[in-house]
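Asks: My questions will all concern the structure given below.
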Amino acid sequence: MSFRDKFRKFRSDTKSRIFQTNDENNNAHNSPPQTSSTTPDRWIHLRALLKTLERATRSLPPLKAVVTEFVECIDNHENVWHGRKEYDILCHELEGLFQALQHHCNQDISPTITTTVEALCESIRNEISDIRKIQAKGKVREYLEAERDADAVLVRYRRIQSHLQRLSVATQLNADISVWRIVDEIATDNRLKYLSPSLSACYNSAQAVELKRGPCTEGTRVDLLGQILGWIESSDSGSIYWMNGMAGTGKTTIAYSLCEELDTSYKLAASFFCSRLLPECRDVNLIIPSIAFQLARSSRPFRFVLSRVLERDPGVHTRLPHLQFDSLVSQPLLEVRSTLPENLVVVIDALDECENKESTSRILEILLTKSTNLPLKFIVSSRPEPEIRDEMLKQSNQAKSRVVLHELDRLTVQADIETYLRSALIQVQPTEDQIATLVERAGILFIYAATVVRYIAHDRFRRNPRARLVNVLSSSSASENKHREIDELYTIILRAALDDPNLDKSEREDIVQVLNSVICAQEPLTVDALSKLLKINNTDREYAPSVQYL
Numbered sequence: 033m034s035f036r037d038k039f040r041k042f043r044s045d046t047k048s049r050i051f052q053t054n055d056e057n058n059n060a061h062n063s064p065p066q067t068s069s070t071t072p073d074r075w076i077h078l079r080a081l082l083k084t085l086e087r088a089t090r091s092l093p094p095l096k097a098v099v100t101e102f103v104e105c106i107d108n109h110e111n112v113w114h115g116r117k118e119y120d121i122l123c124h125e126l127e128g129l130f131q132a133l134q135h136h137c138n139q140d141i142s143p144t145i146t147t148t149v150e151a152l153c154e155s156i157r158n159e160i161s162d163i164r165k166i167q168a169k170g171k172v173r174e175y176l177e178a179e180r181d182a183d184a185v186l187v188r189y190r191r192i193q194s195h196l197q198r199l200s201v202a203t204q205l206n207a208d209i210s211v212w213r214i215v216d217e218i219a220t221d222n223r224l225k226y227l228s229p230s231l232s233a234c235y236n237s238a239q240a241v242e243l244k245r246g247p248c249t250e251g252t253r254v255d256l257l258g259q260i261l262g263w264i265e266s267s268d269s270g271s272i273y274w275m276n277g278m279a280g281t282g283k284t285t286i287a288y289s290l291c292e293e294l295d296t297s298y299k300l301a302a303s304f305f306c307s308r309l310l311p312e313c314r315d316v317n318l319i320i321p322s323i324a325f326q327l328a329r330s331s332r333p334f335r336f337v338l339s340r341v342l343e344r345d346p347g348v349h350t351r352l353p354h355l356q357f358d359s360l361v362s363q364p365l366l367e368v369r370s371t372l373p374e375n376l377v378v379v380i381d382a383l384d385e386c387e388n389k390e391s392t393s394r395i396l397e398i399l400l401t402k403s404t405n406l407p408l409k410f411i412v413s414s415r416p417e418p419e420i421r422d423e424m425l426k427q428s429n430q431a432k433s434r435v436v437l438h439e440l441d442r443l444t445v446q447a448d449i450e451t452y453l454r455s456a457l458i459q460v461q462p463t464e465d466q467i468a469t470l471v472e473r474a475g476i477l478f479i480y481a482a483t484v485v486r487y488i489a490h491d492r493f494r495r496n497p498r499a500r501l502v503n504v505l506s507s508s509s510a511s512e513n514k515h516r517e518i519d520e521l522y523t524i525i526l527r528a529a530l531d532d533p534n535l536d537k538s539e540r541e542d543i544v545q546v547l548n549s550v551i552c553a554q555e556p557l558t559v560d561a562l563s564k565l566l567k568i569n570n571t572d573r574e575y576a577p578s579v580q581y582l
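Sequential numbering from 33 applies to the sequence shown in this note's numbering.
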């Protein structure tokens with residue numbers, strides 16, 4: 033029997049043991065459950081598991097910590113739930129899972145603690161924390177409120193049961209795969225190299241410093257990040273979230289902070305930060321292979337399945353995007369989904385910076401059509417380019433699944449910009465009026481504030497920063513190098529718009545006409561007003577490229 037067949041048979045046997053334990057417990061429910069008067073301790077296997085972990089020669093800190101917390105939670109509140117049939121049933125079912133976990137941890141080869149196992153342990157700790165908060169409200173309660181709390185606690189115990197089932201399968205598979213790892217790890221590493229992943233595209237790669245990529249200043253974007261994290265936790269929120277905004281609104285910084293938060297809570301499955309400045313980060317064909325590579329680093333079962341996919345077809349990463357996604361992401365995830373935590377997330381930033389617009393559109397179409405049933409959510413950030421916007425507008429439930437940064441409340445954004453400027457320029461100690469002027473000039477563009485800060489803080493504030501601050505405030509034009517980064521950014525955007533080979537001469541002339549009009553206008557113009565002014569709002573030109581691009 034091949035190792036792959038053994039792997040499948042073992043996974044089936046593991047699930048059978050879990051379900052058999054639950055069936056035995058369900059049969060036991062036909063007779064009255066034993067109470068604490070006849071059974072002093074109903075958590076025999078839980079305590080045995082904790083002793084096994086305390087004696088373990090190999091350290092399993094996350095698993096030991098979560099079992100310890102569960103024991104403490106049970107010991108402190110066991111008497112509160114005594115006599116409730118639904119809790120007696122739950123106890124029997126959980127004991128079966130603890131017995132299975134003890135069996136796994138007693139094997140000669142201990143389970144390996146991977147990111148997915150860490151994530152499952154973290155999820156259990158969060159549920160235990162919620163239970164403690166509910167039970168800490170006190171004993172003097174109204175009857176109805178107490179009943180509601182009991183139901184809320186039961187829901188959380190059921191969630192813990194679900195996490196434990198995944199943990200049981202994952203830890204045993206990790207232990208079994210460790211045998212495979214000894215003889216096949218070198219071959220697997222070589223196969224994964226076939227994918228040619230873009231390591232520079234990871235959010236925290238070494239190139240992040242070079243690209244001036246980093247997190248939000250503490251205390252900024254709090255509500256926005258909370259909104260996105262809430263979407264992740266929601267069970268009916270869909271599978272793709274779109275964060276769009278015009279250039280300079282802070283998309284990459286927000287995406288970076290989001291990745292940090294998800295990484296800390298073991299929910300970041302993969303990240304791909306596109307950048308036109310690095311060839312390997314602007315190639316849309318590297319996105320799916322890079323996601324698969326990162327998933328293989330965080331989940332041992334996924335790594336095993338992916339290795340076999342690459343063994344059968346080493347060139348699968350060169351296939352059409354939808355075939356790549358099926359073979360490298362979708363099928364392996366579905367095969368090991370019982371080992372994975374809930375709400376894993378892939379973050380793709382600055383998708384508009386990829387070179388091939390048609391391929392970019394195709395990638396989005398694949399995500400929208402093929403991610404619905406996967407144990408994975410995707411967050412995509414980009415400028416609202418036509419090839420991206422047209423695909424994302426096909427998504428249902430758009431109101432809950434997107435945010436438009438340049439349409440956020442101006443006062444809220446400017447308050448965040450002010451917080452950022454005060455923090456970044458603390459060594460210069462600008463006056464209130466100086467801060468207010470900089471905030472007003474920034475409008476809703478974080479890139480202006482960031483560019484000003486980099487200019488003033490040049491060479492770690494060693495180049496007369498106060499004089500540089502005065503120079504910025506006294507200048508009404510983009511002289512010298514103060515706004516060079518902004519100039520370069522918008523030069524790239526305009527060049528991309530004007531050099532598009534799909535434009536004909538009249539469309540290119542429309543773009544130039546729009547630019548001239550915006551520059552000469554004495555106040556901001558809406559798209560509708562601009563279209564009427566330039567008489568490009570007839571049927572054939574209602575959505576002219578001149579307006580779409582700009």
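Where a beta carbon is used, it is the ideal one built from N, C-alpha and C, also for glycine.
With C-beta atoms as the reference, is aspartate 542 less than 9 Å away from leucine 566?
Replies: Cβ distance < 9 Å, so aspartate 542 and leucine 566 count as in contact.
Asks: With respect to the beta strand (DSSP E) encompassing phenylalanine 305, which residues constitute its N-terminal and C-terminal limits?
Replies: Segment 300-305, the beta strand (DSSP E) holding phenylalanine 305.
Asks: Do leucine 453 and isoleucine 476 have their beta-carbon atoms positioned less than 9 Å apart in this structure?
Replies: Not a contact, by the Cβ cut-off of 9 Å.
Asks: Arginine 164 to aspartate 345, Cα distance in whole Å?
Replies: Spanning the two alpha carbons is a distance of roughly 50 Å.
Asks: Give the range of the beta strand (DSSP E) segment to which isoleucine 458 is assigned.
Replies: That residue, isoleucine 458, is in no beta strand (DSSP E); it is neither H nor E in DSSP.
Asks: Identify the residues that DSSP records as bridge partners of lysine 409: which are they?
Replies: BP columns for lysine 409 point to Val377.
Asks: Between the Cα of leucine 126 and those of Leu95, Ala182, His136 and Arg191, spot the shortest distance and give me the residue it belongs to.
Replies: The shortest C-alpha separation from leucine 126 is found at Arg191.
Asks: Opposite asparagine 276 in the DSSP bridges: which residues?
Replies: Paired residues: Ser414 and Val436.
Asks: Along the chain, where does the alpha helix (DSSP H) containing leucine 366 start, and where does it finish?
Replies: Note, leucine 366: alpha helix (DSSP H), 363-368.
Asks: Can you have a look at valine 201 and say buried or exposed, based on whether 16 or more other CB atoms are within 10 angstroms of its CB?
Replies: Valine 201 is buried by the Cβ-count criterion.
Asks: Output yes or no for whether 9 Å exceeds the beta carbon distance between isoleucine 380 and isoleucine 411.
Replies: Yes, the Cβ-Cβ distance between isoleucine 380 and isoleucine 411 is below 9 Å.
Asks: So, with DSSP's three-state summary, where would you put aspartate 183?
Replies: It is helical.
Asks: Quick check on the DSSP output: the alpha helix (DSSP H) that includes aspartate 491 runs from which residue to which?
Replies: From DSSP, the alpha helix (DSSP H) with aspartate 491 extends over 490-493.
Asks: With isoleucine 272 and serine 433 assumed to form a contact (beta carbons below 8 Å), what rounded beta-carbon distance in angstroms separates them?
Replies: Rounded, the Cβ-Cβ distance is 6 Å, consistent with contact.
Asks: Pull up the distance between the alpha-carbon of glutamine 363 and that of leucine 338, whole angstroms please.
Replies: Their Cα atoms are separated by approximately 9 Å.
Asks: With 16 other CB atoms within 10 Å as the buried threshold, where does valine 241 fall?
Replies: Looking at its Cβ environment, which holds fewer than 16 other Cβ atoms inside 10 Å, valine 241 is exposed.
Asks: Here's the rule: buried if 16 or more other CB atoms are within 10 angstroms of the residue's CB, otherwise exposed. What is serine 538?
Replies: Exposed: under 16 other Cβ atoms inside 10 Å.
Asks: Given glutamate 265, which residues of its chain have a CB within under 8 Å of its CB, disregarding the five upstream and five downstream residues?
Replies: The answer, listed in chain order, is Asn375.
Asks: Less than 6 Å between C-beta atoms, sequence neighbours within five positions excluded: which residues of the same chain meet that for phenylalanine 305?
Replies: Taken in chain order, the residues that qualify are Ala233, Tyr235 and Asp381.
Asks: In whole angstroms, give me the CA-to-CA distance for leucine 593 and alanine 481.
Replies: Since the displayed the chain opens at 33 and closes at 582, residue 593 lies outside it and no answer follows.
Asks: Does the pairing of the stretch 241-258 with the stretch 459-474 give three or more beta-carbon distances under 8 Å?
Replies: Segments in contact, no.
Asks: Using CA coordinates, which residue listed in Ala279, Ser289, Val341 and Val502 is at the minimum distance from arginine 415?
Replies: Measuring from the Cα of arginine 415, the nearest candidate turns out to be Ala279.
Asks: Just checking my contact of serine 413 with alanine 287 at CB under 8 Å: how many whole Å lie between their CB atoms?
Replies: Confirmed, Cβ separation roughly 5 Å.
Asks: Residues in the same chain with beta-carbon distance under 8 Å from aspartate 422, minus the five sequence neighbours each way, listed in chain order, please.
Replies: So the list reads Ser393, once near-sequence residues are dropped.
Asks: With distance defined between alpha-carbon atoms, name the residue in Leu547, Val504 and Asn534 nearest to tyrosine 522.
Replies: Here the closest residue by C-alpha is Leu547.
Asks: Residue ranges of each alpha helix (DSSP H) run of no fewer than 4 residues wholly in the stretch 186-266, ordered along the chain?
Replies: Counting whole runs of 4 or more residues, the stretch 186-266 contains the alpha helix (DSSP H) stretches 239-242 and 254-265.
Asks: If distances are taken between C-alpha atoms only, which option among Glu292, Ser228 and Thr203 comes closest to arginine 596?
Replies: Residue 596 lies beyond the range of the chain shown here (33 to 582); nothing can be said about it.
Asks: Got a sec? Which residues, its chain only, sit under 8 Å from asparagine 62 by beta carbon, not counting five neighbours each side?
Replies: The predicted model places asparagine 62 with a pLDDT of 44, which falls under 50 and marks its position as unreliable, so this point remains unresolved.
Asks: Quick one: using the 10 Å Cβ neighbour count with 16 as the cut-off for buried, is cysteine 552 buried or exposed?
Replies: Exposed.
Asks: Which of helix, strand or coil does DSSP assign to proline 93?
Replies: Helix at proline 93.
Asks: My output table needs one value for serine 271: the three-state DSSP class, helix, strand or coil.
Replies: It is coil, neither helix nor strand.
Asks: Take the Cβ of serine 563 as the centre, count every other Cβ of all protein chains shown within 10 Å, and call the residue buried at 16 or more, exposed below.
Replies: Serine 563 is buried by the Cβ-count criterion.
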